[in-house]
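So the number in the numbering used here is just where the residue sits in the sequence shown, counting from 1, plus 528.
Virtual Cβ for every residue (Gly too), placed ideally from N, Cα, C.
Please read all numbers here as calculations on a predicted model, not as lab measurements.
Here the structure is laid out as structure tokens; the discussion comes afterwards.
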Amino acid sequence: MKRIKIKELLASPPVGSDVLVKGWVRTRRGNKNIIFIALNDGSTIRNIQIVAETSRFGEDLIRDITTGSCIAVTGRLVESQGQGQDVEIAAAEIVIYGKCDPETYPLQKKGHSMEFLREIAHLRPRTNTFSAVLRMRHAMSFAIHKYFNDKGFYYLHTPIVTGSDAEGAGEMFHVTTFDLANVPLDSNGNPDYSLDFFGKPANLTVSGQLEGELGALALGEIYTFGPTFRAENSNTPRHLAEFWMIEPEMAFYDLNDNMDLAEDFIKYLIRYALDNCSDDLEFLNNMIDKGLYERLRFVVDNEFVRMTYTDAVRILESSGRKWEYPVGWGRDLQAEHERFLVEEHFRKPVILTDYPAEIKAFYMKQNDDGKTVRAMDVLFPGIGEIIGGSQREEDYEKLITRIREMGLPEKDLWWYLETRKFGTAPHSGFGLGLSRLMIFMTGMSNIRDVIPFPRTPKNAEF
Ligand code: 4AD
Ligand code: MG
529 MKRIKIKELL ASPPVGSDVL VKGWVRTRRG NKNIIFIALN DGSTIRNIQI VAETSRFGED
589 LIRDITTGSC IAVTGRLVES QGQGQDVEIA AAEIVIYGKC DPETYPLQKK GHSMEFLREI
649 AHLRPRTNTF SAVLRMRHAM SFAIHKYFND KGFYYLHTPI VTGSDAEGAG EMFHVTTFDL
709 ANVPLDSNGN PDYSLDFFGK PANLTVSGQL EGELGALALG EIYTFGPTFR AENSNTPRHL
769 AEFWMIEPEM AFYDLNDNMD LAEDFIKYLI RYALDNCSDD LEFLNNMIDK GLYERLRFVV
829 DNEFVRMTYT DAVRILESSG RKWEYPVGWG RDLQAEHERF LVEEHFRKPV ILTDYPAEIK
889 AFYMKQNDDG KTVRAMDVLF PGIGEIIGGS QREEDYEKLI TRIREMGLPE KDLWWYLETR
949 KFGTAPHSGF GLGLSRLMIF MTGMSNIRDV IPFPRTPKNA EF
């Protein structure tokens, strides 16, 4: 008999037929004559109830059906006599694939703390919360590809190993095959990278954007979607050292087109979740964050506020608030400032534009005021910055002047600069951090709990 997934079984229950299900025991209860097993196979948050009579299977087998064990059950699907489920399986045959020792299995009882579950990240996908989060993370990844594919964007695979620092912030993990205890040195006593694997310094990418721009200036509209890495020592609930980023890049888009796309994109993803992830969302709304549904609908139903950084700073300055970090024109905004604008002042998502050039990356299009650039940050409730993007500087002279002012390695960016010499075009793009999106979509409060195996300072277990 072919195995049926529990999701499929519950979607249109073949009552009266024999079925085969396989999964992990969530709970068992009952007495010495009969046991009731809640079985979950990960296809859905919902369990199927299995009813097994001890006399039929023998006490030894029944004893080994404990929380966490893995079993296969064949039996007739029948309407349930009990409360809480419409159908159940009257077990005719049970095979135990894997026993699970009740003394040492760490997921015995409910209500473990998130911190504890992080220490058992190899097992936490078996909890309702993490399986819901991971199914939704999949759904969002799929919807992201669907959105761009339907719009005629091409998925461009930008490299993970690169010689450049796209954000110019120097927060890179180096990639080398040198024996670190014995690095070959040149005559000046510096590492002789000509002897290293790539023949030059290399690092893990912080962003696929620069290569994405090359794609946009040939294919028109592209997006990247892959892992990016930042060696920033930020121990916050919103930062990872390894995170997945979606970066669309579009020829012929100005900043307004870019903002329109970002707003439409994020609303599409929320609608997709509301339409396709109802079981998991309902669970998360009930168990993790009672305001989840409301916040998702609220974002879909409202237009994002759009205003300049300069105007936002005025609002923050006249708010009468005591800030942990100071506010003032030219200073970068911190999460507390961003969240004040979104959660208290406007009570809507906000897109801030035209930031001071000094606090933004070299590639952003310079405004005529000589002070600001065509940047945009999308700010969300509970998170702060969820998207960062800009119109790009397409003018060769302005770009190279900026690169020199900032002391960036012009030589390494020769290929990027050439696009501005050979048929340059106005273009724009942005980056959405998938895990920041997942915090918003699930109501989870820590970014470490919306990715299967988080990488953060001093932590690369699993
Ligand atoms: O604002 P960022 O640094 O912008 C870029 O990387 C641009 N190259 C994007 C572009 O224009 N193509 O990062 C973009 C987004 C942030 O808004 C945030 O959602 C996420 O990436 N992000 C992080 N997510 C988790 N952990 C971190 N350490 C993150 N840093 C950025
Ligand atoms: Mg940013």
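- With a 10 Å radius around the Cβ and a threshold of 16 neighbouring Cβ atoms, Trp552 comes out buried.
- Two segments are said to touch when three or more pairs of C-beta atoms, one from each, lie closer than 8 angstroms; by this definition the region 818-833 does not touch the region 844-859.
- Inter-residue distance for Met966 and Pro687 is about 24 angstroms (C-alpha atoms, whole angstroms).
- Per DSSP, Gln737 is one residue of the alpha helix (DSSP H) stretching across 737-747.
- In this structure, the beta-carbon distance from Val543 to Val615 falls below 9 angstroms.
- A straight line joining the alpha-carbon of Leu635 with that of His650 spans about 11 angstroms.
- Distances taken from the Cβ of Glu739 to the heavy atoms of the ligand 4AD include none shorter than 8 angstroms.
- Using a 10 angstroms sphere on the CB of Glu581, the tally of other CB atoms stays under 16, which defines it as exposed.
- Exclusion of the five residues before and after Arg867 leaves Gly912 as the residues of its chain whose Cβ lies within less than 6 angstroms of its Cβ.
- Checking the DSSP bridge columns, you'll see Arg557 partnered with Phe564.
- Ser659: member of the alpha helix (DSSP H) spanning 656-678, first to last residue.
- A contact between stretches requires three or more CB pairs, one per stretch, nearer than 8 angstroms, and the region 619-628 fails this requirement with the region 658-674.
- Taking all protein chains in view, the Cβ of Ile798 is crowded by 16 or more other Cβ atoms within 10 Å, so the residue is classified as buried.
- A contact is defined here as three or more CB-CB pairs under 8 angstroms, and the region 831-850 fails this definition with respect to the region 799-810.
- Taking C-beta atoms as the reference points, Ile599 and Val623 count as a pair closer than 9 angstroms.
- Per DSSP, reduced to three states, the secondary structure at Tyr796 is helical.
- In chain order, the residues positioned with their C-beta nearer than 7 angstroms to some heavy atom of the ligand MG are Asp905, Glu913, Gly916.
- Here Asn677 is exposed: its Cβ has fewer than 16 other Cβ atoms, across all protein chains shown, within 10 Å.
- With a cut-off of 8 angstroms, the C-beta of Val734 is classified as near the ligand 4AD, since at least one heavy atom of the ligand falls inside that distance.
- In the DSSP annotation of this structure, the continuous segment of the beta strand (DSSP E) that includes Arg902 starts and ends at 900-908.
- Closest option to Ser597, judged by alpha-carbon separation, among Asp720, Ala566, Ala620, Arg574: Ala566.
- With a cut-off of 8 angstroms, the C-beta of Ala580 is classified as distant from the ligand 4AD, since no heavy atom of the ligand falls inside that distance.
- Beta-bridge partners of Asp546 (DSSP): Arg604.
- Contact between Tyr891 and Arg920 is confirmed by a C-beta separation of about 5 angstroms, below the 8 angstroms threshold.
- Residue state for Asp940 is assigned as helix, using DSSP reduced to three classes.
- Within its own chain, the residues whose Cβ lies closer than 6 angstroms to the Cβ of Thr690, once the five positions on either side in sequence are excluded, are Thr733, listed in chain order.
- Put simply, of Gly910, Gly858, Ala885, Asp882 the residue whose alpha carbon is nearest the alpha carbon of Lys876 is Gly910.
- Residues Leu809, Leu812, Asn813, Thr970, Gly971 of the same chain have their beta carbon placed closer than 8 angstroms to that of Leu820, with the five preceding and five following residues left out of the count.
- Under the criterion of beta carbons closer than 8 angstroms, Phe753 and Tyr683 qualify as touching, at roughly 7 angstroms.
- Annotated as distal: Thr594 and Ile534, with beta-carbon spacing of 9 angstroms or more.
- Looking at the DSSP output, Glu616 bridges to Gln577, Val606.
- Out of Glu695, Ala694, Asp720, Ser715, the CA that lies nearest to the CA of Thr705 is found in Asp720.
- Around Asp817, the same chain offers Gly971 as residues with beta carbons nearer than 7 angstroms, after the five sequence neighbours per side are excluded.
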